[in-house]
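Here is the structure we will look at.
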Amino acid sequence: MRVSRLMLVTLREHPADADIISHQLLVRGGFIKRVTSGIYAYMPLMWRVLQKITHIIQEELNAKGCLETLLPQLHPAELWKQTGRWQGYTKGEGIMFNLKDRQGRELGLGPTHEEVITRIAGESIKSYKQLPVNIYQIQTKFRDEIRPRFGLMRSREFIMKDAYSFHSSEADLQSTYIEMNDAYEQIFTRCGIDTVKVDADSGAIGGAASQEFMVTADAGEDLILISSDGKYSANQEKADSIAKEGKELKEGSPEIIETKGQNTIELLCRDKFFEPDQVVKVILILAILEDGSKQPILASIRGDQELNEVKLLNCISKQVKQNVISIKPISKEDLKDVPFGSIGPDLEDSFLNEVSKWSQKFIRLTDRTAADLKLFICGSNKPDFHRIFFNWSMIGGPHQIVDIRKAQPGDLCIHDQEQTLIEKRGIEVGHIFQLGKKYSLALGASFTNEHGSQEPFWMGCYGIGVSRLAQAAVEQSHDESGIIWPINISPFQVIIVIANVEEETQRILGEKIYKDLQDKGLEVLIDDRKERAGVKFKDADLIGIPWRIVVGRDSSSGKVELIKRSNRSTTLLSCESATKMLLAEIFN
RNA sequence: CGGGGCGUGGCGCAGCUUGGUAGCGCGGGUGCUUUGGGAGCACUAGGUCGCAGGUUCGAAUCCUGUCGCCCCGACCA
């Protein structure tokens with residue numbers, strides 16, 4: 001391809017809306033153009049990158065026996081109503097774009113395809129003899145993100161590979177899960193990016209085991225925690241750890257003290273010389289359930305710890321045996337009489353009488369860190385009074401003991417208490433799930449097993465954010481001059497820069513190398529523009545082609561420069577040797 | 001949705017406080033010079049100042065409304 005024909009427009013400055021380096025470089029290099037908030041056009045160079053990634057994915061998945069398909073983007077509402085996800089995905093802050101057609105039928109743009117594929121599988125697969133199958137597609141997905149940002153990192157329209165597997169047994173699902181894990185590691189390695197695999201919460205999608213593949217980068221939106229020996233790594237939403245032990249409260253006789261104005265743990269500790277880890281913090285939360293009912297939660301946790309809302313939500317779901325749509329803190333506006341700032345774990349249910357629409361009984365949960373305190377300080381349920389030197393038996397016990405705390409960097413690891421957790425930021429590029437039977441049950445997708453009876457499928461699902469991966473690669477591989485594409489996903493493998501196209505010798509030699517390399521099967525870009533050499537060098541750096549051949553002042557003696565983009569190492573050699581050396585480097 | 005900010009040639013911005021008919025840098029075009037790291041000079045094209053009302057002799061500038069976009073948070077397979 002000739003740069004003169006490439007519609008290449010590079011920018012010296014980046015647009016004001018690009019905040020992270022990968023976004024800036026992709027815009028400056030003319031790879032993407034924003035059309036509206038969270039929606040981008042992939043320009044020709046970018047499309048080549050995306051196709052490279054696509055091909056790697058296809059090769060690896062096909063090698064595992066996966067089947068490529070293309071599923072519809074518009075989904076009928078009733079399909080999503082069957083799994084109970086229509087409400088949650090379209091109402092309130094739902095991410096599913098939805099509309100009505102001219103007959104008034106409700107439709108949604110697919111943010112994911114469990115419903116569609118499960119119905120199709122249910123209709124197509126009759127017998128265990130047809131199992132297992134693993135179906136995937138690579139296509140545009142739509143999610144009406146509340147706040148799109150960082151270019152392709154969190155966009156509303158994006159390219160995703162999603163695969164769904166169907167099995168006759170859990171063991172078979174697990175073996176495919178491992179196979180997919182291997183395929184993913186291969187894919188990311190071939191794409192030239194470093195990923196960390198972390199345990200993840202399976203979230204709204206439901207299911208058992210779930211792991212995410214993260215590209216570590218400071219611009220990452222997810223916080224991940226990794227043990228110092230590397231044996232444990234998890235998304236913060238999921239991470240379990242052992243909190244550091246607090247300073248035990250010295251013996252003292254139980255009493256109730258006045259604590260006027262000390263309505264936060266920080267203030268209480270400062271004025272009374274306690275430590276936050278000697279206090280039981282009580283948090284009131286309202287859970288809104290799938291059936292519309294509202295369940296108040298009273299959560300107790302050690303004062304220096306933070307609540308993990310994902311763990312809490314999962315914990316509540318389990319209790320009430322249905323999905324929790326959302327949780328929010330309960331405030332003074334909700335319950336006027338509750339002594340916020342002085343609440344104890346034994347706050348009476350009668351305080352709920354104020355709001356008749358809510359369930360009239362708290363679900364009381366106590367985090368392990370609070371339950372383990374032998375003596376503690378806590379609210380007295382009277383405004384401006386706290387109890388000190390109390391123990392659990394004095395206030396009716398710790399209720400249910402659960403893990404609802406946020407793991408923090410510096411915490412001890414559960415697999416080895418000699419190890420501590422360190423924190424990194426990550427960009428999620430892949431996610432694998434064991435879904436179980438959630439969707440097959442909801443949609444009545446079943447097969448006939450060996451014994452002749454109907455059984456719902458065991459399912460797995462596996463995603464890769466293709467467009468996000470491309471940007472993550474840039475986030476991980478660039479320097480002050482521009483992008484450095486990993487060779488396997490670079491839009492071209494080599495760029496020939498003719499320093500001065502007015503010089504016939506240079507032009508002829510450049511064109512000869514161009515043809516030779518193409519004949520050898522390389523993907524070659526030739527910068528034949530009537531620009532000054534400096535401009536072409538800057539552009540070549542910016543767009544990040546891994547190899548560059550400069551045909552310039554030494555061309556009269558048949559010599560060219562071969563330059564590696566990543567470290568700028570330069571070799572002056574004959575054009576034949578340059579070709580040979582380049583082929584060796586690329587095909588080694 | 002809450003908080004903050006911004007809409008002025010393709011891009012980055014100034015002008016707005018104190019109303020007087022729009023400017024700078026980059027980019028585009030033409031010509032001459034230059035030619036290995038985003039060249040110099042000259043000429044040139046390109047703007048309903050987001051949109052709609054209002055105030056005024058006069059609005060990019062003041063007022064009201066509205067739309068769009070960005071940042072922080074909440075949110076997010």
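Going by this note's numbering, 544 is the number at position 544 of the first sequence; the sequence numbering is gapless.
Glycine residues also receive a C-beta, built at the ideal position from the N, C-alpha and C atoms.
The C-alpha of L443 is placed about 19 Å away from the C-alpha of D162. Non-local C-beta neighbours of R48 in its own chain, meaning closer than 7 Å and more than five positions away in sequence, comprise P491, ordered along the chain. For S155, the closest C-alpha among the options I39, Q174, K91, I543 is that of I39. DSSP lists no bridge partner for Q360. The straight-line gap separating the alpha-carbon atoms of L375 and G396 is approximately 14 Å. Cβ atoms of G465 and M160 come within 8 Å of each other, at about 6 Å. For M160, the three-state secondary structure derived from DSSP is strand.
In the DSSP assignment, F389 falls within the beta strand (DSSP E) that extends over 385-390. With a cut-off of 8 Å on Cβ pairs, the stretch 335-342 is not in contact with the stretch 100-112, counting fewer than three such pairs. Between the stretch 400-416 and the stretch 225-242, the count of C-beta pairs closer than 8 Å reaches three or more; the two stretches touch. With fewer than 16 other Cβ atoms from the protein chains shown falling within 10 Å of its own Cβ, D479 counts as exposed. The alpha carbon of G426 has as its nearest neighbour, out of K311, A121, H75, D194, the alpha carbon of D194. Here the alpha carbons of R468 and D222 stand approximately 14 Å from one another.
Contact annotation: Q476 and M153 have beta-carbon atoms that are not nearer than 8 Å.
Looking at the DSSP output, I146 shares a beta bridge with no other residue. Taking E251 as the centre and dropping the five residues before and after it, the same chain places the C-beta of L375, F389 closer than 8 Å to its C-beta, in chain order. In terms of Cα proximity to L67, the closest of D19, I178, S165 is S165. The count of Cβ pairs closer than 8 Å, one atom from the stretch 128-135 and one from the stretch 168-185, reaches three, so the stretches are in contact.
Between V280 and S300, the C-beta gap is smaller than 8 Å, which places the two residues in contact. Annotation: the continuous alpha helix (DSSP H) that includes K515 extends over 504-519. Between M394 and P254, the C-beta spacing is below 8 Å. In the structure shown, the three-state DSSP call for C191 is coil. Nearest neighbour of F351 by Cα position, chosen from G246, I325, I297, turns out to be I297. The residues A77, T90, E106, L107, G108, L109, in chain order, have a CB closer than 8 Å to that of N98 in the same chain once the five nearest residues on each side in sequence are set aside. For Q24 and Y128, the gap between their C-alpha atoms comes out near 51 Å.
In terms of Cβ geometry, R2 and I526 form a close pair [threshold 8 Å]. Excluding the 5 residues flanking it on each side, W86 has same chain C-beta neighbours closer than 7 Å at A77, W80, in chain order.
A residue is called buried once 16 or more other Cβ atoms fall within 10 Å of its Cβ, and S124, having fewer, is exposed.
A distance below 7 Å between beta-carbons, with the five flanking residues on each side excluded, links K361 to the following residues of its chain, in chain order: D349. Here S169 is not bridged, per DSSP, to any residue. Contact check for R368 and I401: beta-carbon distance about 6 Å, within the 8 Å limit, so the pair qualifies.
Excluding sequence positions up to five before and after I20, its CB lies within less than 6 Å of the CB of F150, A219, all in the same chain and listed in chain order. Unbroken alpha helix (DSSP H) stretches of 4 residues or longer found wholly inside the stretch 32-90: 44-63, 77-82, 85-90, given in chain order. Where R468 is concerned, the enclosing alpha helix (DSSP H) starts and stops at 466-476. Of the candidates I120, T216, K33, K530, the residue whose Cα lies closest to the Cα of G430 is T216.
Counting along the chain, K281 sits inside no alpha helix (DSSP H); it lies in the beta strand (DSSP E) bounded by residues 280-289.
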